[in-house]
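S.K.: Before I ask anything, let me first share the structure, which is written out below as structure tokens.
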Ligand SMILES: CC(C)(COP(=O)(O)OP(=O)(O)OC[C@H]1O[C@@H](n2cnc3c(N)ncnc32)[C@H](O)[C@@H]1OP(=O)(O)O)[C@@H](O)C(=O)NCCC(=O)NCCS
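Numbering (this note's numbering), first residue to last: 664 to 837.
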């Protein structure tokens, strides 16, 4: 707590900045995102196509930044000024979208960025886009992603249903 303000009221200390903040992507981010393709662990975890050249990845990422598909909102996830991932809100329904998130490359995994990015994505979807429902899915074996979705307070749909994915949803007011 900072020293008392005039009048005897304690002044709250500055809030700690969030671990991850979201911002629009810019063209320069394409090279950063593409560079994660050089990390085989990341490529496997993110299910990117292996064995593509860096140039192909840069061109692909640049196209998404400059001319994204109509149903995709992709935001950069930034920690202390550095791009550490991105968050997707995907879908064509006016009030409902799918949340996706990626942290790259894999040396940044396990530091809380994924959970923080996903939480910021939910806040953006509900608070800025005015969505009423956000859903997400994770491969059953993707423990980190499943824990993120559970940690966000999302409800699992069709728990135990056959198939490789576990699906989660959260609605306004739930
Ligand atoms: C999934 C992913 C985003 C997680 O990012 P991250 O920064 O490592 O996540 P966090 O550090 O916030 O950890 C999230 C949770 O998973 C746990 N976790 C992290 N790595 C783990 C691992 N290898 N095994 C088990 N649990 C793990 C953490 O302890 C944390 O759980 P907690 O909140 O209960 O403590 C990241 O691995 C990634 O980008 N993977 C490739 C893309 C992907 O799978 N995206 C999700 C599908 S849309």
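Cβ atoms here follow ideal geometry from the backbone N, Cα and C, with glycine treated the same way.
Bear in mind the structure is a predicted one, so any value in this text is a computation, not a measurement.
Around the Cβ of residue 691, are there at least 16 other Cβ atoms within 10 angstroms (buried) or fewer (exposed)?
M.R.: The residue given as residue 691 occupies position 28 in the chain shown. With fewer than 16 Cβ atoms within 10 Å of its Cβ, residue 691 is classed as exposed.
S.K.: With a threshold of 16 other CB atoms inside 10 Å of the CB of residue 743, please say whether the residue is buried or exposed.
M.R.: Within the chain shown, numbered from 1, the residue matching residue 743 stands at position 80. Exposed, because fewer than 16 other Cβ atoms sit within 10 Å of the Cβ of residue 743.
S.K.: Considering only C-alpha positions, which residue in the set 783, 701, 763, 725 is nearest to residue 741?
M.R.: Sequence index remark: in the chain shown, residue 741 carries index 78 (1-based). Among 783, 701, 763, 725, the Cα nearest to that of residue 741 is on 783.
S.K.: Looking at residue 710 and ligand 1, is the gap between the Cβ and the nearest heavy atom below 8 Å?
M.R.: In the chain shown, the residue the question calls residue 710 occupies position 47. Yes, the beta carbon of residue 710 sits closer than 8 Å to at least one heavy atom of ligand 1.
S.K.: Can you tell me the Cα-Cα spacing of residue 710 and residue 673, whole angstroms?
M.R.: As a position in the chain shown, residue 710 is number 47, starting the count at 1. As a position in the chain shown, residue 673 is number 10, starting the count at 1. About 51 Å.
S.K.: Determine, using beta carbons only, whether residue 856 and residue 717 come nearer to each other than 9 Å.
M.R.: The first residue shown for the chain is 664 and the last is 837, placing residue 856 beyond what the model contains.
S.K.: Between the Cα of residue 724 and the Cα atoms of 708, 705, 812, 697, which residue gives the shortest distance?
M.R.: To locate residue 724, count along the chain shown from 1; it is residue 61. Nearest of 708, 705, 812, 697 to residue 724, Cα basis: 697.
S.K.: Are there any heavy atoms of ligand 1 lying less than 8 Å away from the beta-carbon of residue 798, as far as the coordinates show?
M.R.: Locating residue 798 in the chain shown gives position 135, where the first residue counts as 1. No, Cβ of residue 798 sits at least 8 Å from all heavy atoms of ligand 1.
S.K.: Specify whether the stretch 815-823 and the stretch 724-736 touch according to this definition: at least 3 beta carbon pairs, one from each stretch, less than 8 Å apart.
M.R.: Output reads no: the stretch 724-736 does not touch the stretch 815-823.
S.K.: Which residues in the same chain have their Cβ closer than 8 Å to the Cβ of residue 835, if we skip the five residues on either side of it in sequence?
M.R.: Locating residue 835 in the chain shown gives position 172, counting from the first residue. Contacts found: 789, 794, 795, 796.
S.K.: Just to confirm the assignment, what range does the beta strand (DSSP E) spanning residue 824 have?
M.R.: In the chain shown, the residue the question calls residue 824 occupies position 161. Run containing residue 824: none; DSSP gives neither H nor E here.
S.K.: How many Å lie between residue 702 and residue 771 at the Cα?
M.R.: The residue labelled residue 702 in the question sits at position 39 within the chain shown. The residue labelled residue 771 in the question sits at position 108 within the chain shown. Rounded to the nearest angstrom, the two C-alpha atoms are 12 Å apart.
S.K.: Specify, as a first and last residue, the run of the alpha helix (DSSP H) that residue 830 falls within.
M.R.: Position 167 of the chain shown, counted from the start, is the residue given in the question as residue 830. It is not in any alpha helix (DSSP H) - residue 830 instead sits in the beta strand (DSSP E) that spans 828-834.
S.K.: Which residues in the same chain as residue 699 place their Cβ atom closer than 7 Å to its Cβ, once the five residues preceding and following it in sequence are excluded?
M.R.: Reading the chain shown from its first residue, position 36 is the one you call residue 699. Counting only Cβ-Cβ distances below 7 Å, and skipping sequence neighbours, we find 705, 767, 768.
S.K.: Look at the alpha carbon of residue 830 and the alpha carbon of residue 824, and state the distance between them as a whole number of angstroms.
M.R.: For the purposes of this step, residue 830 is taken as residue 167 along the chain shown, with counting starting at 1. For the purposes of this step, residue 824 is taken as residue 161 along the chain shown, with counting starting at 1. Whole-angstrom Cα-Cα distance: 10 Å.
S.K.: Identify every run of the alpha helix (DSSP H) within the stretch 692-757, keeping only runs that are complete inside it and at least 4 residues long; order them along the chain.
M.R.: DSSP runs (the alpha helix (DSSP H)) wholly in the stretch 692-757: 692-698, 703-709, 717-729.
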